[in-house]
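**Student:**
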Amino acid sequence: MKAKQFFNESCPDTRVYMIKTSETIILGSASVARRKILAEMGYEFTVMTADIDEKGIRREKPEELVMAIAQAKADAIISKLETMVNQEKDAEPTILVAADTVH
37 MKAKQFFNES
47 CPDTRVYMIK
57 TSETIILGSA
67 SVARRKILAE
77 MGYEFTVMTA
87 DIDEKGIRRE
97 KPEELVMAIA
107 QAKADAIISK
117 LETMVNQEKD
127 AEPTILVAAD
137 TVH
């Protein structure tokens, strides 16, 4: 399988590598920009948002803050997914994409 590299013009230091997959992809973000990125790369995905208090998460360094917020989003969505999967017998493998940006 060949990975496709994507550059985000608004974040030139960010590189995203995606591989075509049969798994379900969930975008853990309401960001229009992130939806556009995945759509332009040809992926079909579902959007799920995390109900977290981002302002309650603090870190000294911006790079640590975005990682902590992204992890909190992922944890909240995983919790939702686990509840849903417990109700379904045939859960598909899932890729969860969670991210954050600090300006």
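With positions in the sequence shown counted from 1, the corresponding number in this note's numbering is that position plus 36. Note that beta-carbon positions come from the ideal geometry of N, C-alpha and C, so glycine has one too.
(1) Out of S65, V68, D87, state which residue places its alpha-carbon closest to the alpha-carbon of S115.
(2) Please report the distance separating the alpha-carbon of F81 from that of I61.
(3) With three or more beta-carbon pairs closer than 8 Å as the criterion, would you say the stretch 88-108 touches the stretch 72-79?
(4) Where does V23 sit, in a helix, a strand or coil, going by DSSP?
(5) Roughly how many whole angstroms lie between the Cα atoms of Q41 and M84?
(6) For A112, collect the residues of the same chain with a Cβ closer than 7 Å to its Cβ; drop the 5 residues on either side in sequence, then sort them by chain order.
(7) What's the gap between the Cα of A135 and the Cα of M120?
(8) With distances taken between CB atoms, is the gap from L101 to V133 smaller than 7 Å?
(9) In its own chain, which residues sit with a C-beta less than 8 Å from the C-beta of E128, not counting the 5 before and 5 after it?
**Tutor:** By the coordinates alone:
(1) D87
(2) 5 Å
(3) no
(4) Any answer about residue 23 is impossible in this case: the structure gives the chain only from 37 up to 139.
(5) Here the model assigns Q41 a pLDDT of 48, short of 50, so the residue's position is not dependable and the matter cannot be decided.
(6) A86, D87, I88
(7) 22 Å
(8) no
(9) E59, T60
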